[in-house]
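Data block below; observations after.
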Amino acid sequence: MAPKVLVSDKLSETAVQIFRDRGIDVDFMPELGKDKEKLAALIGEYDGLAIRSATKVTPTILEAATNLKVIARAGIGTDNIDKTAASKKGVIVMNTPFGNMITTAEHAIAMMFAVARQIPEASASTHAGKWEKSKFMGVELTNKTLGVIGAGNIGGIVCDRALGLKMKVIAYDPFLPEEKADKMGVEKVELDELLTRSDFITLHVPMIEATKNILSREALEKTKKGVRIINCARGGLVDEEALADLLKSGHVAGAAFDVFAEEPAKENALFNLPNVVCTPHLGAATTEAQENVALQVAEQMSDYLLTGAVQNALNMPSVTAEEAKVMGPWIKLAEHLGAFVGQMTDEPIKAVNILYDGVASEMNLKALDCAVIAGLMKPQTPDVNMVSAPVVAADRGIKTSTTTQSKGGTFDGYIKVTVVTDNRERSIAGTVFSDGKPRFIQIKGINIDAEIGSHMLYTTNNDVPGIIGALGETMGENGVNIANFTLGRKEAGGDAIALLYVDAPVPTDVREKLKGTGLFNSITPLQFDV
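For the sequence shown, the working numbering gives the first residue as 281, with consecutive numbering after it.
Pasting the structure below:
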């Protein structure tokens with residue numbers, strides 16, 4: 281019997297035809313996703329569900345999905361899918377992470393032109409019959425310096441297009457290797473230099489803790505007078521109130537925003553200011569982009585249902601059903617090991633070396649490699665998954681090597697991940713105990729036994745008295761609850777580490793107070809998807 285797919289949102293007719301051409305039995309019901317009850321009543325008939333944003337895949341829907349094997353979202357965001365419930369149900373969740381890169385990059389370029397020549401205001405004035413030719417004096421892009429914050433997939437396309445416009449392009453991206461920057465034809469700089477040199481600044485980074493308000497009031501005040509700011513990435517990357525003040529003062533000459541801290545944006549400090557161009561999150565809104573993601577969804581789902589091939593899966597690597605039963609905890613461990621060093625490393629990574637010992641060396645190493653790299657990339661690239669992670673790593677010039685060895689120690693098997701940068705190496709090792717829970721067993725060459733919590737604080741210090749007291753006292757005085765902690769050291773008086781398990785991320789001001797004690801060499805907040 282042919283696999284059966286339900287398309288419950290508006291999807292391209294061409295995509296629907298791909299299912300039919302591949303021998304998939306498909307029902308196209310583009311309005312069904314809005315009717316939760318009817319969807320729950322029908323979903324049990326289908327092997328696959330293709331959606332956009334209207335369909336909400338809740339635990340209730342998944343409970344009724346007795347035959348469902350795969351859900352595919354035409355687009356990047358999957359907030360409308362309960363991925364935890366899908367994973368527990370054994371349902372693969374796919375997306376299309378690369379379908380709208382060109383479209384978003386082109387929108388950023390279009391916004392840059394619009395703000396440089398005040399096109400929206402000039403258009404409105406002309407429509408009103410005013411003919412205010414002398415009012416709208418613009419600037420050329422040729423020979424201007426474009427500062428690109430984030431030179432990854434979309435940012436890289438913007439760099440390429442800007443160079444074609446004969447602009448001088450400088451880029452701030454801690455994960456961009458010098459060799460890659462040279463190949464792209466851009467100059468890699470630090471953020472402060474980008475701020476002071478750029479005539480235009482465009483942002484192309486994800487919205488994470490490290491990038492929130494990356495253009496803060498302090499950063500904006502460092503910019504060159506007359507700068508123009510473009511944000512087609514994520515709301516919250518720019519302090520919108522501060523930018524409004526600097527626009528009013530004349531320090532910033534213009535701004536073009538497609539995304540806002542709060543969306544839908546009904547009110548905003550930037551609205552109704554002169555030479556501010558605003559669009560309602562249109563970055564991916566082109567016919568081509570919508571068609572591309574729809575076609576990708578149809579191909580990916582058909583490949584999986586007909587051959588078992590998994591592409592762009594968010595909750596499962598490319599492993600067989602038999603392998604998944606054994607490898608599940610090890611895949612989670614691999615992700616955690618990668619996430620640990622990824623959150624610790626704020627400079628370009630040159631290489632990742634992975635050692636598999638004992639039973640780990642006998643598993644599907646390709647899947648485990650992907651899990652490590654996905655964990656490593658995710659702190660800076662949240663949309664990455666186990667399929668796209670190796671592509672992202674290769675694009676950044678990161679070399680991955682794998683070594684295996686027979687059982688060489690106390691444990692039946694373990695995984696050790698070493699990250700190499702120009703300045704240092706960082707290593708962490710872990711294993712899976714008989715209870716099925718991943719553990720960290722070695723950090724910086726220091727042996728430990730640490731479970732993995734959702735929110736942790738990692739500190740390094742010299743082994744001296746007072747560390748536990750300083751941690752407990754500072755956390756207690758500031759209302760941070762320590763659920764548990766693990767300590768380790770190489771030798772008396774030598775390097776030592778601590779891992780604290782806390783109920784929520786430790787606020788920045790509390791970490792600063794810990795630094796103020798002078799007892800710690802480093803303090804790093806960590807988060808894990810456990």
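All C-beta atoms, glycine included, are put in the ideal place defined by N, C-alpha and C.
Extent of the continuous alpha helix (DSSP H) run through residue i
{"i": "Ser-707", "result": "Here Ser-707 belongs to no alpha helix (DSSP H); instead the beta strand (DSSP E) covers 705-712."}
{"i": "Arg-397", "result": "381-397"}
{"i": "Tyr-584", "result": "567-587"}
{"i": "Gly-768", "result": "Per DSSP, Gly-768 belongs to no alpha helix (DSSP H); it is in the beta strand (DSSP E), 762-769."}
{"i": "Met-736", "result": "It is not in any alpha helix (DSSP H) - Met-736 instead sits in the beta strand (DSSP E) that spans 735-742."}
{"i": "Ala-499", "result": "497-501"}
{"i": "Gly-752", "result": "747-757"}
{"i": "Lys-368", "result": "363-369"}
{"i": "Asp-789", "result": "788-796"}
{"i": "Asp-472", "result": "471-477"}
Backbone secondary structure at residue i - three-state DSSP
{"i": "Asp-675", "result": "helix"}
{"i": "Phe-299", "result": "helix"}
{"i": "Thr-335", "result": "coil"}
{"i": "Leu-319", "result": "helix"}
{"i": "Cys-650", "result": "helix"}
{"i": "Gly-465", "result": "coil"}
{"i": "Asp-305", "result": "strand"}
{"i": "Gly-698", "result": "Sequence inspection shows Thr at residue 698; the Gly mentioned does not correspond to that position. In this structure, Thr-698 counts as strand in the three-state DSSP scheme."}
{"i": "Leu-779", "result": "strand"}
{"i": "Met-374", "result": "strand"}
{"i": "Ala-451", "result": "strand"}
{"i": "Val-532", "result": "strand"}
{"i": "Pro-718", "result": "strand"}
{"i": "Thr-482", "result": "strand"}
{"i": "Thr-406", "result": "helix"}
{"i": "Gln-660", "result": "coil"}
{"i": "Phe-416", "result": "coil"}
{"i": "Ser-641", "result": "helix"}
{"i": "Ala-545", "result": "coil"}
{"i": "Val-621", "result": "helix"}
{"i": "Ala-354", "result": "coil"}
{"i": "Thr-682", "result": "strand"}
{"i": "Thr-425", "result": "strand"}
{"i": "Gly-688", "result": "coil"}
{"i": "Lys-504", "result": "coil"}
{"i": "Lys-630", "result": "strand"}
{"i": "Gly-655", "result": "helix"}
{"i": "Leu-526", "result": "helix"}
{"i": "Ile-341", "result": "helix"}
Under 8 Å between C-beta atoms of residue i and residue j
{"i": "Ile-732", "j": "His-616", "result": "yes"}
{"i": "Gly-430", "j": "Leu-483", "result": "yes"}
{"i": "Asp-479", "j": "Lys-504", "result": "yes"}
{"i": "Ala-619", "j": "Ile-695", "result": "no"}
{"i": "Leu-495", "j": "Ile-510", "result": "no"}
{"i": "Val-466", "j": "Ala-451", "result": "yes"}
{"i": "His-387", "j": "Gly-563", "result": "yes"}
{"i": "Gly-432", "j": "Leu-474", "result": "no"}
{"i": "Ala-282", "j": "Ile-304", "result": "yes"}
{"i": "Ile-434", "j": "Ala-404", "result": "no"}
{"i": "Thr-383", "j": "Ala-569", "result": "yes"}
{"i": "Thr-425", "j": "Lys-448", "result": "yes"}
{"i": "Ile-723", "j": "Asp-775", "result": "no"}
{"i": "Thr-625", "j": "Arg-706", "result": "yes"}
{"i": "Ala-541", "j": "Glu-571", "result": "no"}
{"i": "Asn-644", "j": "Met-596", "result": "no"}
Residue i: first and last residue of the uninterrupted beta strand (DSSP E) it sits in
{"i": "Gly-435", "result": "First-last for Gly-435: 433-444, but that is the alpha helix (DSSP H), not the beta strand (DSSP E)."}
{"i": "Ser-865", "result": "Examination of residue 865 is not possible in this model, given that the chain is present from 281 through 810 alone."}
{"i": "Met-223", "result": "Absent from the structure is residue 223, since the part of the chain shown begins at 281 and ends at 810."}
{"i": "Val-870", "result": "This structure leaves residue 870 out entirely; the chain is present only between 281 and 810."}
{"i": "Val-507", "result": "507-511"}
{"i": "Ile-726", "result": "726-730"}
{"i": "Leu-348", "result": "No beta strand (DSSP E) holds Leu-348; DSSP gives it neither H nor E."}
Integer Cβ distance of residue i from residue j, believed to fall under 8 Å
{"i": "Ser-391", "j": "Gly-436", "result": "The sequence shown places Met at residue 391, rather than the Ser named in the question. About 18 Å separates the two Cβ atoms, so there is no contact after all."}
{"i": "Met-374", "j": "Leu-594", "result": "7 Å"}
{"i": "Thr-754", "j": "Lys-793", "result": "5 Å"}
{"i": "Gly-693", "j": "Thr-680", "result": "Rounded, the Cβ-Cβ distance is 20 Å, inconsistent with contact."}
{"i": "Val-590", "j": "Ile-803", "result": "The pair is not a contact, with the Cβ atoms about 39 Å apart (cut-off 8 Å)."}
{"i": "Gly-689", "j": "Pro-609", "result": "Their Cβ separation, rounded to whole angstroms, is 19 Å, which puts Gly-689 and Pro-609 out of contact at 8 Å."}
Three CB pairs or more closer than 8 Å across the region 570-585 and the region 535-554: Counting C-beta pairs closer than 8 Å gives fewer than three between the region 570-585 and the region 535-554, which falls short of the contact rule.
Per the contact definition of three or more C-beta pairs closer than 8 Å, is the region 629-641 in contact with the region 681-691? The answer is yes - the region 629-641 touches the region 681-691, with three or more Cβ pairs under 8 Å.
Hey, is the region 621-630 in contact with the region 454-470, meaning 3+ C-beta pairs nearer than 8 Å? These segments touch.
Would you call the region 326-339 and the region 347-363 in contact, with 3 or more CB pairs under 8 Å? Yes: at least three Cβ pairs fall under 8 Å.
Could you say if the region 336-354 and the region 386-403 meet the contact criterion of at least three C-beta pairs nearer than 8 Å? Output reads no: the region 386-403 does not touch the region 336-354.
Evaluate the contact criterion for the region 534-548 versus the region 290-301: three or more CB pairs, one atom per stretch, below 8 Å. No: the two stretches stay apart, fewer than three of their Cβ pairs being nearer than 8 Å.
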